[in-house]
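Counting from 30, one number per residue, gives the positions in the sequence shown under the working numbering. Using N, Cα and C, we set each Cβ at its ideal position, and we do this for glycine too. Structure first, then comments.
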Amino acid sequence: MGMRHEGYDYAVIGAGAAGCVMAARLAGAGARVALIEAGGPDRDPLIGVPGANVVTGTAPGLNWNYQTEPVPALDGRDLYWAQGRVLGGSGSINGMMYLRGQPADFDHWRDLGNPGWGYAEALAAFRRAETNERGASDLHGGDGPLQVSEGVATAPICDLFLEAAAAAGHGVTDDLNRPSEDAFGHCDMTLRRGRRSSPATAYLRPARAAGGITVLTGATAARLILRAGRATGVLVRGKDGPREIAVEREVIVSAGAVNSPALLMRSGLGPAADLRGLGIAVAADLPGVGANLQNHPCYKLMFACSAPVTAYVHVRPVGAARAGLDYLIRRGGPLARGLFPTAGIFRTGAGDHGLAQVCLAPALVIRRKPGVLGILPRRHGFTLLVNQGIPRSTGRVRLVSADPEAWPAIHPDYFGDPRDMDDLAAAVAHLREMVLDGPLARVIEAELQPAAAPATPAELVADIRATATTHFHAVGTCRMGPDEAAVVGPDLRVRGVEGLRVVDASVMPRIINGNTFAATVMVAERAAAMMLGE
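Right, here's the structure in full:
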């Protein structure tokens, strides 16, 4: 089969949180846009069911299912890294938690030499993106594509946890996106009327109906086409054979913190010595491509409860049948909400790195075997996911082959800076005390994780090394900055190449203290506004 040639104004590579926003905003301004996605359409009916995230979050057909390289500080274990491979990207399979991060996170980006990326500009983009159930205000938007519902408790344990937080001296808020470095509350969710609001449903679907977007699914971007220092298109491989997508204006790479640097490197944009070692011709020596990888290492606390205060009532036969009927009849009940309804941000140390985050699942999250039945709890209990807000440690994404079907090597280097372990251990110790010695103690039957109560700080650290995982918030591998080591400038244009930008979580110069989905949508809204002169 011969090469097919197609022409557009823009090509957007990756139909995730950023790519859907970019394609929709550019097409809305009258441009012809090709949106290229390696995964398939978002037709799985479970994607739209918030409570089904227990299935969709790790479903092989919706996911890249990456494994990292061994992590030295985690006893040499390799870790599972989920990343969406479907229209909507991770926004179609994530936990739907709408947490923007702290004002200081974005002001830090600005202070690193990135004008236009401070909290004031970020807030305007957050508001532009959302329709919040509370209505429009100085903090929230009222007419954006993304539907955001106000957080609610989904089981009594959620409010009991907030009671324990207040007793420990923490603030309790009705809006976790209100700026605060010490606040616990129920988390806003990207859903409305019992259905997930994903980038594909919120941005892409109405934009496709209006025209101007060609969506290619099951299409792998093999490499960028570069001519005379300019990106002129993309070579795509799919079930119909290879095709060349030519562009008149720009190529926008929105493939995420793993695949965006991998695509740049396959195209000759990256560390020159590494590329030559793989037989890839160097188009531009950009040593920062793939570097600065950041994520939130995560530790899990689990407690069994002596009272029926958790979501276990919904997974027993009668409760499960009632929940299913409730959802089918009125899109209500536990299946209409996310798995982590309650969260908190708190401080255990000084400076930016002394902040931590916790998310509560009102059930025991234990994977005993594959499938739905393998994760359903067998008793009352709850789970806390704890992560340091802004780790110091950085890793890298490294290309191991020029073959676009080959996974890049992911080196997280969690706790490469030992101070990160100290900060996470302090956060875990504080939460254990808050649960076991506060108002929650009256419903605690047993501590399940850590399995043996640590008698010393060293024993707690050993358990973190043995069991910590990741919170799936990878950022930073195409860092934005004014310096020569940065991959993109504040306008998100790739250094040394015309007609090429990166727009996704990989441009974040430093990870935020919060979940990264909302901030990724914000990055794309800012990028689209800059490109359209708004």
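Asked	Found
Say whether the region 74-82 touches the region 418-426, bearing in mind that this needs 3 or more beta-carbon pairs closer than 8 Å, one atom from each stretch.	no
Taking buried to mean at least 16 other C-beta atoms within 10 Å of its own C-beta, is P399 buried or exposed?	Below a pLDDT of 50, predicted positions are generally treated as unreliable, and P399, at 48, falls in that range; the measurement from the model is reported next regardless. It counts as exposed.
Measure the CB-CB distance between G118 and A44 and report whether it falls below 8 Å.	yes
I'd like to know whether the C-beta atoms of V287 and A503 end up nearer to each other than 8 Å.	yes
Just verifying my parser: in three-state terms, what is the DSSP assignment at T230?	helix
Put A40 into one of helix, strand or coil per three-state DSSP.	strand
Which whole-angstrom value is the C-beta distance of G69 and T246, which I expect to be below 8 Å?	5 Å
Between N324 and F501, what straight-line distance do the alpha-carbon atoms span, to the nearest angstrom?	7 Å
When the Cα of E279 is compared with those of A556, F369 and G528, which residue comes out closest?	G528
Could you compute how far the alpha carbon of V566 sits from the alpha carbon of R530?	Nothing can be reported for residue 566: it is not among the residues displayed for the chain, which extend from 30 to 563.
Are D134 and I541 touching if we call contact CB-CB under 8 Å?	yes
Can you round the beta-carbon distance between L191 and V181 to whole angstroms, since I take them to be within the 8 Å contact cut?	L191 to V181, Cβ: 12 Å. No contact.
Considering C565, what are the terminal residues of the beta strand (DSSP E) in which it resides?	Past the edges of the chain, shown from 30 to 563, lies residue 565, and the structure says nothing about it.
Can you tell me whether A47 is buried or exposed? The criterion is at least 16 other CB atoms within 10 Å of its CB, across all chains shown.	buried
What residue from D204, A184 and A154 has the CA that sits closest to D172's CA?	A154
Measure from the alpha carbon of A238 to the alpha carbon of each residue in L453, R448, E563 and A52, then state which is nearest.	A52
Please determine, among P538, G90, E554 and G525, the residue with the shortest C-alpha to C-alpha distance to D314.	G525
Tell me the start and end of each unbroken alpha helix (DSSP H) in the region 404-467 that is at least 4 residues and wholly inside, in chain order.	447-466
Do you know whose CA, among A454, H440, T545 and I493, lies nearest S98's CA?	According to the sequence as given, residue 98 is Glu; it is not Ser. E98 has its Cα closest to that of H440, out of A454, H440, T545 and I493.
Can G297 and R508 be called in contact, C-beta distance under 8 Å?	no
Alpha carbon to alpha carbon, what distance is there between R425 and A336?	45 Å
By how many angstroms is the C-alpha of T549 removed from the C-alpha of A556?	11 Å
In the structure shown, what three-state DSSP assignment does N161 receive?	strand
Considering only the alpha carbon of each residue, which of H459, I493 and G510 lies closest to A197?	H459
Tell me which residues share the same chain as C187 and place their Cβ nearer than 7 Å to its Cβ, disregarding the 5 neighbours each side in the sequence.	H215, P370, T371, L389 and P391
Straight-line CA distance for L91 to M125?	16 Å
Can you tell me the Cα-Cα spacing of R222 and G361, whole angstroms?	8 Å
Along the chain, which unbroken stretches of the beta strand (DSSP E) at least 3 residues long are found entirely within the region 255-282?	259-267 and 270-282
Sorted by chain position, which residues of the same chain lie with C-beta nearer than 7 Å to G586's C-beta, five sequence neighbours on each side aside?	The requested residue 586 is not part of the displayed model; the chain covers only 30 to 563.
Following the continuous alpha helix (DSSP H) through T97, name the residue where it begins and the one where it ends.	That residue, T97, is in no alpha helix (DSSP H); it is neither H nor E in DSSP.
Grouping DSSP H, G and I as helix and E and B as strand, with all else coil, what is L529?	strand
Span of the beta strand (DSSP E) holding P290?	Segment G285 to R295 is the alpha helix (DSSP H) holding P290; no beta strand (DSSP E) there.
Alpha carbon to alpha carbon, how far is R19 from R295?	The chain is shown only over 30 to 563; residue 19 falls outside these bounds and no answer can be derived.
Which residues does DSSP pair with H215 in a beta bridge?	T371
Looking at G285 and G299, is the spacing between their C-beta atoms short of 8 Å?	no
Relative to the alpha-carbon of F411, which residue among E35, S227, T183 and N94 has its alpha-carbon at the smallest distance?	T183
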